[in-house]
Amino acid sequence: MGEFVRGYILGSSVLLMAFVLSCSSSSDDDGDGINNSSDNCPQLSNQDQNDLDGDGIGDVCDSLSDSDFDLVSDDTDNCPFDYNPDQFAFIGNATLRGDACDDEDDDAIVDAMDNCPLASNDDQSDTDGNGVGDDCEFCESLSLLVDIVPGLGDSHPHDITVLDNKLYFVANDRVIGHELYVYDPFMPTAGAIMVADIAPGSAGSWASQLTELNGKLYFRATNDSVHGDELWVYDPIASIAHVFDIVPGSNGSNPSKLTVLDGKLYFIVNGVELWVYDPTVGTSILDVISGEKRYDQLAVLDGNLYFSVGGMYFGNYGYELWVFDPTESETSATLVAEIVSGDGGYGELTGFEGKLYFGATDGLNGQELWVYDPANPTAGAMMIADIAPGGFGSMPQDLTPFNNKLYFGATDRIGLNVSLHGSELWAYDPANPTAGAVMVVDINPSAEVSKSNPWGFAAVNGRLYFGADDGIHGRELWSYDPAELGAVTLVADINPGDNGSILGQLIELNGKLYFGATDGLHGVELWAYDPACSP
Numbered sequence: 001m002g003e004f005v006r007g008y009i010l011g012s013s014v015l016l017m018a019f020v021l022s023c024s025s026s027s028d029d030d031g032d033g034i035n036n037s038s039d040n041c042p043q044l045s046n047q048d049q050n051d052l053d054g055d056g057i058g059d060v061c062d063s064l065s066d067s068d069f070d071l072v073s074d075d076t077d078n079c080p081f082d083y084n085p086d087q088f089a090f091i092g093n094a095t096l097r098g099d100a101c102d103d104e105d106d107d108a109i110v111d112a113m114d115n116c117p118l119a120s121n122d123d124q125s126d127t128d129g130n131g132v133g134d135d136c137e138f139c140e141s142l143s144l145l146v147d148i149v150p151g152l153g154d155s156h157p158h159d160i161t162v163l164d165n166k167l168y169f170v171a172n173d174r175v176i177g178h179e180l181y182v183y184d185p186f187m188p189t190a191g192a193i194m195v196a197d198i199a200p201g202s203a204g205s206w207a208s209q210l211t212e213l214n215g216k217l218y219f220r221a222t223n224d225s226v227h228g229d230e231l232w233v234y235d236p237i238a239s240i241a242h243v244f245d246i247v248p249g250s251n252g253s254n255p256s257k258l259t260v261l262d263g264k265l266y267f268i269v270n271g272v273e274l275w276v277y278d279p280t281v282g283t284s285i286l287d288v289i290s291g292e293k294r295y296d297q298l299a300v301l302d303g304n305l306y307f308s309v310g311g312m313y314f315g316n317y318g319y320e321l322w323v324f325d326p327t328e329s330e331t332s333a334t335l336v337a338e339i340v341s342g343d344g345g346y347g348e349l350t351g352f353e354g355k356l357y358f359g360a361t362d363g364l365n366g367q368e369l370w371v372y373d374p375a376n377p378t379a380g381a382m383m384i385a386d387i388a389p390g391g392f393g394s395m396p397q398d399l400t401p402f403n404n405k406l407y408f409g410a411t412d413r414i415g416l417n418v419s420l421h422g423s424e425l426w427a428y429d430p431a432n433p434t435a436g437a438v439m440v441v442d443i444n445p446s447a448e449v450s451k452s453n454p455w456g457f458a459a460v461n462g463r464l465y466f467g468a469d470d471g472i473h474g475r476e477l478w479s480y481d482p483a484e485l486g487a488v489t490l491v492a493d494i495n496p497g498d499n500g501s502i503l504g505q506l507i508e509l510n511g512k513l514y515f516g517a518t519d520g521l522h523g524v525e526l527w528a529y530d531p532a533c534s535p
């Protein structure tokens, strides 16, 4: 006996029928005059034995056959041997064949499973993990990501911070004011989503100083006229919450310089107190130095917290550099350097290769580049570059470690409002300290008081990117490549003309740069630049 098993569609159900066919030459179950052993459809009369697709099964049986059991008969199924009840056929030109069985690029991966169905890529490489194969990913070097305020209105995205491969930032939609938003580069069509309306109404919470700690985002914000600026936290798993009302009332504690060290958050309250927030025990003041002080800057270096403070000394502001070691004492800090500085004070503190760099004045020189070496504490702090000799100062800003050097913006002043080059890009090489600081390039050489004012530095793939104004294009996106003989290049003229794009701080995420800018057609909104897509 021979067995013949086929699937058939009866109405909306699939009936699996087993026909046990006699091999006798005289058996003709359908009475069409053709013996079962020779009949290509032994259960349905078909004297013509038509078989247009040549599959050995008569056409009248094909119309009822459902080989893949997807409730679509084989004669109409665009993938008769691959289960696809949706019958999708959207990819490529071969729309008569379904995506479940078609392979447009002949890489042995059907379109429905292929991350690049129109370009052969049997390795399915997807470097950025966005679900689109590298061989067919559309590459756009410059793109406007979201237009929160359509048209020429500005949302002014700022305080851009990375958390869990997403971009969090503060923006103003011109309806509810400045609030916290999130943008997911892996879900670009979702756009920017407001995380929470912390201060209902049009005033906004003015969230700022976004800082990541243990998978959560901490920041300062105000939620109404009753509570002033205080410390808040956003937990992507839970929600947004008020951490602690340090100064009850509408004035608030105005927390600033949020700095993470060993799982704790350190910050300055109203400029005069140092506080710490420990997620396990709460918030407390660090009374580590005596007397009335004005806290200025915070920085972490080798597990210690450094901070600069100011106070009154003989009628002048005296600025001091202190260090707090949380492993030794929670009630005291150590004075490491004292500089009587007039009213200039300390600039930002930046740790680099085991040393602390900062701008400072000593009462004789204006604000210049200084260094403190914890390995040589008796030497104290010392000036290492006098870019603008005399009392005017070069005002070094945005100190950024890159390629084993320290890069920053500075002005080589020779008088009040007079300089040789204006504010330009400078570098200090710790391996060659006798050379002092060296100007890398004069981007805006048009006049002695001109300035390119470089800042917002971010490094990607061996290049240093920043915003600068060459006097022709306005403030736009530039790059410096030390491997190409120090080439400095305008990489994106976002807003053609001399007005510039008003480029903001650059933030790197997965090899791309994110920032606020305007192209002249839209206001200042969130943009992205992908160096990998640039020529």
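Quick note on numbering: the sequence shown equals residues 1 to 535 in the numbering used here. Beta carbons: idealized from backbone N, C-alpha and C, even for Gly. These numbers were taken from a predicted model, which means no experiment stands behind them.
Short of 6 angstroms in beta carbon distance, which residues of its chain neighbour residue i, apart from the five on each side in sequence? Order them along the chain.
i: GLU212; result: LEU163
i: SER256; result: ILE268
i: ASP235; result: LYS216
i: ALA532; result: none
i: SER141; result: ASP530, CYS533 and SER534
i: GLU338; result: GLU320
i: PHE219; result: ALA207, GLN209, LEU210 and TRP232
i: TYR480; result: LEU464 and VAL488
So what's residue i in DSSP terms, helix, strand or just coil?
i: GLU353; result: coil
i: PHE314; result: The predicted position of PHE314 is uncertain, since its pLDDT is 40 and thus under 50; no value can be drawn from it.
i: GLU484; result: helix
i: THR222; result: coil
i: ALA203; result: coil
i: THR189; result: helix
i: ALA532; result: helix
i: PRO236; result: coil
i: VAL60; result: helix
i: ASP66; result: coil
i: ALA196; result: strand
i: PHE19; result: For PHE19, the pLDDT reaches just 38, beneath the cut-off of 50, and the residue's location in the model is therefore unreliable, although a value from the coordinates is still provided. In this structure, PHE19 counts as strand in the three-state DSSP scheme.
i: THR434; result: helix
i: THR327; result: coil
i: MET395; result: coil
i: THR518; result: coil
i: ASP135; result: coil
i: THR411; result: strand
i: ALA112; result: helix
i: PRO377; result: helix
Can you list, in chain order, the residues of its chain whose CB lies under 7 angstroms from that of residue i, leaving out five sequence neighbours each side?
i: GLY11; result: Here the model assigns GLY11 a pLDDT of 38, short of 50, so the residue's position is not dependable, and the following value carries that caveat. Correct list: empty, nothing qualifies.
i: ASP442; result: HIS421 and GLU424
i: TRP206; result: HIS178, ALA221 and THR222
i: ALA190; result: ASP184
i: ILE502; result: ARG475, ALA517, THR518 and VAL524
i: ASN332; result: The identity of residue 332 in the sequence shown is Ser, whereas the question assumes Asn. Once the five neighbours on either side are set aside, the close Cβ partners of SER332 are VAL288.
i: LEU399; result: GLU348, THR350, TYR357, LEU406 and PHE408
From the beta carbon of residue i, is the nearest beta carbon of chain C less than 7 angstroms away?
i: GLU525; result: Chain labels in this structure do not include chain C; a single protein chain is all it has.
If you compare alpha carbons, which of the options is closest to residue i?
i: ILE176; options: VAL195, ASP77 and HIS473; result: VAL195
i: GLY98; options: ASP106, ASP107, ASN214 and PRO85; result: PRO85
i: VAL300; options: GLY354, GLY347, VAL272 and ASP75; result: GLY354
i: SER253; options: PHE324, ASP386 and ALA221; result: ALA221
i: LEU145; options: MET113, ASP103 and PRO188; result: PRO188
i: GLY129; options: ASN165, THR161, PRO117 and GLY151; result: ASN165
i: GLU330; options: ILE285, GLY497, TRP370 and GLU348; result: ILE285
i: ASP154; options: ARG174, LEU399 and CYS139; result: ARG174
i: LYS405; options: ILE237, ASP386, LEU369 and ASP429; result: ASP429
i: PRO482; options: ASP470, GLY511 and TRP426; result: TRP426
i: PHE466; options: PRO445, ILE198 and ASP493; result: ASP493
i: GLY263; options: PHE457, THR280 and GLY54; result: THR280
i: GLY390; options: ASP373, GLY363, ALA381 and VAL182; result: GLY363
i: ALA192; options: ILE198, ASP147 and GLY500; result: ASP147
i: LYS451; options: PHE457, GLY462 and SER419; result: SER419
i: ASN495; options: HIS473, PRO200, TYR83 and CYS101; result: HIS473
i: TYR346; options: THR127, LEU369 and ASP412; result: LEU369
Report the CB separation of residue i from residue j in whole angstroms; it is logged as a contact under 8 angstroms.
i: ASN46; j: GLY56; result: Not quite, the Cβ-Cβ distance comes to about 13 angstroms (not below 8 angstroms), so this is no contact.
i: LEU509; j: LEU167; result: 7 angstroms
i: PRO454; j: ALA468; result: 4 angstroms
i: ASP102; j: VAL110; result: 6 angstroms
i: SER125; j: GLY131; result: Rounded, the Cβ-Cβ distance is 12 angstroms, inconsistent with contact.
i: GLY504; j: HIS158; result: 6 angstroms
Excluding the 5 residues preceding and the 5 following residue i in the sequence, name in chain order all residues of the same chain whose CB lies nearer than 8 angstroms to its CB.
i: ALA203; result: GLY177
i: VAL309; result: ILE289, LYS293, ARG294, TYR295, ASP296, TYR319, GLU320 and TRP322
i: GLY315; result: Because the pLDDT of GLY315 is 45, which lies under 50, any placement of that residue in the model is unreliable, and the question is left without a value.
i: SER25; result: Any reading at SER25 needs caution, since the residue's pLDDT is 48, under 50, leaving its predicted position unreliable; the model's value is listed next. Excluding residues within five positions, the ones whose Cβ falls inside 8 angstroms are ASN35 and SER37.
When you measure from the CB of residue i to every non-hydrogen atom of the ligand ADP, does any distance come out below 6 angstroms?
i: PHE69; result: Absence of the ligand ADP is noted for the structure shown, with no ligands found whatsoever.
**Prompt:** Which runs of the beta strand (DSSP E), 3 residues or longer, sit entirely within the region 219-306?
**Reply:** Taking 3 residues as the shortest admissible run, the region 219-306 contains the following complete beta strand (DSSP E) segments, listed from N- to C-terminal end: 230-234, 240-244, 256-261, 264-269, 273-278, 282-285 and 294-301.
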